[in-house]
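Reading through the structure tokens given below for one structure.
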Amino acid sequence: MQYHVNGRLVESSEATVSVEDRGFLYGDAAFETCRAYGGAVFEWDAHLTRLANTCQTLGMPDAVPDDLHDRIDATLSANGLADAYVRVSVTRGVQPGKLTPADDVEPSVVIIVKPLPRGGVDGEDVWDGPADVRTVERRRIPETAMPAAAKTHNYLDGILARLELRGTGADECLVRDVDGAVAEGATSNVFFVDGGTLKTPSLAGPILPGVTRAVVLELAAERGIPVETGTYDVDAVRTADEAFLTNTTWEVRPVAAVDGAAVGGGATTDALADAFDRRVEACYGAADRS
Numbered sequence: 001m002q003y004h005v006n007g008r009l010v011e012s013s014e015a016t017v018s019v020e021d022r023g024f025l026y027g028d029a030a031f032e033t034c035r036a037y038g039g040a041v042f043e044w045d046a047h048l049t050r051l052a053n054t055c056q057t058l059g060m061p062d063a064v065p066d067d068l069h070d071r072i073d074a075t076l077s078a079n080g081l082a083d084a085y086v087r088v089s090v091t092r093g094v095q096p097g098k099l100t101p102a103d104d105v106e107p108s109v110v111i112i113v114k115p116l117p118r119g120g121v122d123g124e125d126v127w128d129g130p131a132d133v134r135t136v137e138r139r140r141i142p143e144t145a146m147p148a149a150a151k152t153h154n155y156l157d158g159i160l161a162r163l164e165l166r167g168t169g170a171d172e173c174l175v176r177d178v179d180g181a182v183a184e185g186a187t188s189n190v191f192f193v194d195g196g197t198l199k200t201p202s203l204a205g206p207i208l209p210g211v212t213r214a215v216v217l218e219l220a221a222e223r224g225i226p227v228e229t230g231t232y233d234v235d236a237v238r239t240a241d242e243a244f245l246t247n248t249t250w251e252v253r254p255v256a257a258v259d260g261a262a263v264g265g266g267a268t269t270d271a272l273a274d275a276f277d278r279r280v281e282a283c284y285g286a287a288d289r290s
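Taking our numbering, I'd label the letters of the sequence shown as residues 1 to 290.
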């Protein structure tokens, strides 16, 4: 495999950054996980906007290179990949070893790709089956402490949440905010269906505005599915008619059970998963036309 590091392609075994890079020292970095379908990066504009916004939040507004998409294309091409996981990281780079960052930024920009199966109508899921979800004690960091919309290298809260799943066989955790309301999974947004209405926690809480989450809400609106965003307790998800998780890699993944209580997918989950597949399928045509 070849990765893209600071403007050049290198063998994965040689893809390194300095141990003094602030992304390593402090998690002082932004990242995006994207997915390429047929050579086209799905929802690229949304990912780029969120990456730029995160860099703005971190006080390095000019850190995202103008040719970032070209770098991604070059990395996919060098590895002969059309369907892939794509991770883009932008760190503040190497600076003197003190917490306060300097004004001048020479960012480190790293692109990693990994093969994934074809997506879309004729594709296959990357997950083995519907997710077993468990509620964890670890809480989501409040917005006043860490902006939820900023997708940074600081993922320790998610790691600690996932550690609580060890030995349970669960696939994902249900993370609450400090008041006990459902926020999200460690790496996913949460949806559930109650009485025919699609519900998901509001972005007013400490919730990452997922790109796949936004697409699913668009698809629901297009299909006339009633949608509600709000504040919900865990029992609302445990007793839901259907539930599913979304993220870039999983796409739309049904929830088998929450804390041992069977939930499962259903007609709404299936309809949105099918609609999502058809949205993805357009990427293959777009790649053919480019």
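Backbone N, C-alpha and C define an ideal beta-carbon position, used for all residues, glycine too. Bear in mind that the values here come from a model prediction, so they are computed numbers and not experimental data.
Residue range of the unbroken beta strand (DSSP E) whose run includes residue 88: Numbered from 1 along the sequence shown, position 88 holds the residue referred to as residue 88. Residue 88 -> beta strand (DSSP E) spans 84-91.
In this structure, does DSSP put residue 208 in helix, strand or coil? Counting from one through the sequence shown, the residue named residue 208 turns up at place 208. Residue state, collapsed to three classes: coil.
Cα-Cα separation between residue 204 and residue 14, rounded to whole angstroms: Locating residue 204 in the sequence shown gives position 204, counting from the first residue. Locating residue 14 in the sequence shown gives position 14, counting from the first residue. If I take the Cα positions, the gap works out to 42 Å.
Contained beta strand (DSSP E) runs [length at least 3] in the segment 21-73, N- to C-terminal order: 29-37
Let me check understanding here. Comparing Cα to Cα, which of 184, 178, 134 lies closest to residue 165? Position 165 of the sequence shown holds residue 165. For residue 165, the nearest C-alpha among the options comes from 134.
Identify, in the order they occur along the chain, each residue of the same chain with its Cβ nearer than 7 Å to the Cβ of residue 20, setting aside the five sequence neighbours on each side. For the purposes of this step, residue 20 is taken as residue 20 along the sequence shown, with counting starting at 1. Excluding residues within five positions, the ones whose Cβ falls inside 7 Å are 94, 97.
Supposed contact pair residue 280 and residue 27 - C-beta distance, whole angstroms, cut 8 Å: For this step, residue 27 is matched to residue 27 along the sequence shown. For this step, residue 280 is matched to residue 280 along the sequence shown. The Cβ separation is near 31 Å, so there is no contact.
Starting from the C-beta of residue 127, find all residues in its chain whose C-beta is less than 7 Å away, skip the five residues before and the five after it, and write them out in chain order. Locating residue 127 in the sequence shown gives position 127, where the first residue counts as 1. Cβ within range, chain order: 250, 253.
So, is residue 267 buried or exposed, given that buried needs 16 or more other C-beta atoms within 10 angstroms? Locating residue 267 in the sequence shown gives position 267, counting from the first residue. Residue 267 should be labelled exposed.
Around the C-beta of residue 109, are 16 or more other C-beta atoms found within 10 angstroms, so that it is buried, or is it exposed? On the sequence shown, residue 109 is found 109 positions in, with the first residue counted as 1. Per the 10 Å Cβ criterion, buried.
Extent of the continuous alpha helix (DSSP H) run through residue 134: Start at 1 with the first residue of the sequence shown, and residue 134 comes out as number 134. Not the alpha helix (DSSP H): residue 134 falls in the beta strand (DSSP E), residues 131-139.
By the DSSP assignment, the alpha helix (DSSP H) with residue 234 in it spans what residues? Here residue 234 refers to the residue found at position 234 of the sequence shown. Segment 234-238, the alpha helix (DSSP H) holding residue 234.
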